[in-house]
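Trainee: Residues 290 to 501 in the numbering used here are what the sequence shown lists, from first letter to last. The C-beta atom is built at its ideal place from N, Cα and C for all residues, glycine as well.
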Amino acid sequence: MKIALLGGTGNLGKGLAMRLALVGHEIIVGSRREEKAISKAEEYRREVGGLDISGMVNEDAAKKCEIAFLTIPWEHAVETARMLRYALRGKIVVSPLVPLKKSGDLFVYASDTSAAEMVAAILENSTVISALHTIPARRFADLNEKFDWDVPVCGDDENAKKLVMNLISQIDGLRALDAGPLSNSRLVESVTPLIMNVIHKNRLPEAGIKFL
Ligand SMILES: NC(=O)c1ccc[n+]([C@@H]2O[C@H](COP(=O)([O-])OP(=O)(O)OC[C@H]3O[C@@H](n4cnc5c(N)ncnc54)[C@H](OP(=O)(O)O)[C@@H]3O)[C@@H](O)[C@H]2O)c1
Numbered sequence: 290m291k292i293a294l295l296g297g298t299g300n301l302g303k304g305l306a307m308r309l310a311l312v313g314h315e316i317i318v319g320s321r322r323e324e325k326a327i328s329k330a331e332e333y334r335r336e337v338g339g340l341d342i343s344g345m346v347n348e349d350a351a352k353k354c355e356i357a358f359l360t361i362p363w364e365h366a367v368e369t370a371r372m373l374r375y376a377l378r379g380k381i382v383v384s385p386l387v388p389l390k391k392s393g394d395l396f397v398y399a400s401d402t403s404a405a406e407m408v409a410a411i412l413e414n415s416t417v418i419s420a421l422h423t424i425p426a427r428r429f430a431d432l433n434e435k436f437d438w439d440v441p442v443c444g445d446d447e448n449a450k451k452l453v454m455n456l457i458s459q460i461d462g463l464r465a466l467d468a469g470p471l472s473n474s475r476l477v478e479s480v481t482p483l484i485m486n487v488i489h490k491n492r493l494p495e496a497g498i499k500f501l
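1) Between Ala409, Ser400 and Ser392, which has its C-alpha nearest Lys380's C-alpha?
2) Is the beta carbon of Gly393 within less than 7 angstroms of some heavy atom of ligand 2?
3) Tell me which residues share the same chain as Pro425 and place their Cβ nearer than 7 angstroms to its Cβ, disregarding the 5 neighbours each side in the sequence.
4) Considering just the uninterrupted stretch of the beta strand (DSSP E) at Asp467, what are its terminal residues?
5) Does any heavy atom of ligand 1 sit closer than 7 angstroms to the C-beta of Pro425?
6) Taking Asn414 as the reference, which of Leu456, Arg374 and Phe500 has the closest Cα?
7) Should Gly393 go down as buried or exposed, given a rule of 16 or more other Cβ atoms within 10 Å for buried?
8) Any contact between the stretch 349-360 and the stretch 317-326? By contact I mean 3 or more CB pairs, one from each, below 8 angstroms.
9) Given 8 angstroms as the limit, is there contact between the stretch 481-488 and the stretch 452-470, that is, 3 or more CB pairs closer than that?
10) Which word fits Val312, buried or exposed, when buried means at least 16 other C-beta atoms lie within 10 angstroms of its C-beta?
11) Under 8 angstroms by Cβ, that's how I've got Leu466 and Asp439 pegged, so tell me the actual separation to the nearest angstrom.
12) Along the chain, where does the beta strand (DSSP E) that runs through Tyr398 open and close?
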């Protein structure tokens with residue numbers, strides 16, 4: 290599939306670009322700046338040995354893709370979705386967005402509405418699926434890392450949800466699990482601050498989640 294990683298120049302974008310390219314997909318790294326997109330795409334391509342990864346501005350990436358991942362900090366992703374709503378018309382858009390902030394030394398969930406539902410309200414003509422919130426991006430972007438993590442996936446369109454679950458499960462070490470409708474996204478998004486608090490307080494290494 291032709292997959293755009295909007296803001297794919299950052300932490301989560303890197304792992305997704307490389308790992309989805311490794312299972313045969315055509316990857317477009319999006320950025321606000323074309324030079325940055327091209328240079329990051331080159332860097333990722335080098336790491337995976339020359340697979341199909343290109344770079345372009347977010348709007349062109351959104352137009353060219355079949356499915357887009359919004360790999361942008363949530364407070365900016367909502368505005369980016371607004372700017373790209375025509376380019377993303379008819380596409381599946383995956384939201385890994387976690388509304389997260391620090392309150393003292395605690396990580397807290399920072400929104401009344403889930404980020405995925407906020408994005409879905411803007412992208413009326415796209416199909417928004419929520420996934421990947423609990424993947425620790427730095428470990429994920431290190432191709433030497435081995436892991437075994439589950440990925441809860443939420444969405445209202447069953448076919449689009451299945452397609453995204455299938456895509457995620459193609460990545461070695463990830464198992465996508467159906468977590469219900471998009472209205473459940475708030476539950477899944479808020480697992481991330483919980484994990485971060487536990488990791489931080491107990492000095493554990495970064496980890497994802499696993500259902501037995
Ligand atoms: N980091 C994690 O471990 C992790 C895990 C699961 C889910 N997530 C979620 O995934 C998303 C991306 O996280 P991340 O850590 O990859 O983010 P990040 O590295 O901090 O940023 C990703 C990209 O967002 C773009 N960006 C920054 N400010 C922007 C703005 N004002 N407008 C538009 N684009 C902007 C930048 O791309 P350009 O400068 O190239 O445009 C940047 O490279 C977040 O919503 C996060 O909640 C993160």
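Mentor: Working from what's here:
1) Ala409
2) This structure lacks ligand 2; the ligands present are ligand 1.
3) Glu495, Ala496 and Gly497
4) Leu463 to Asp467
5) yes
6) Arg374
7) exposed
8) yes
9) no
10) exposed
11) 5 angstroms
12) Leu395 to Tyr398
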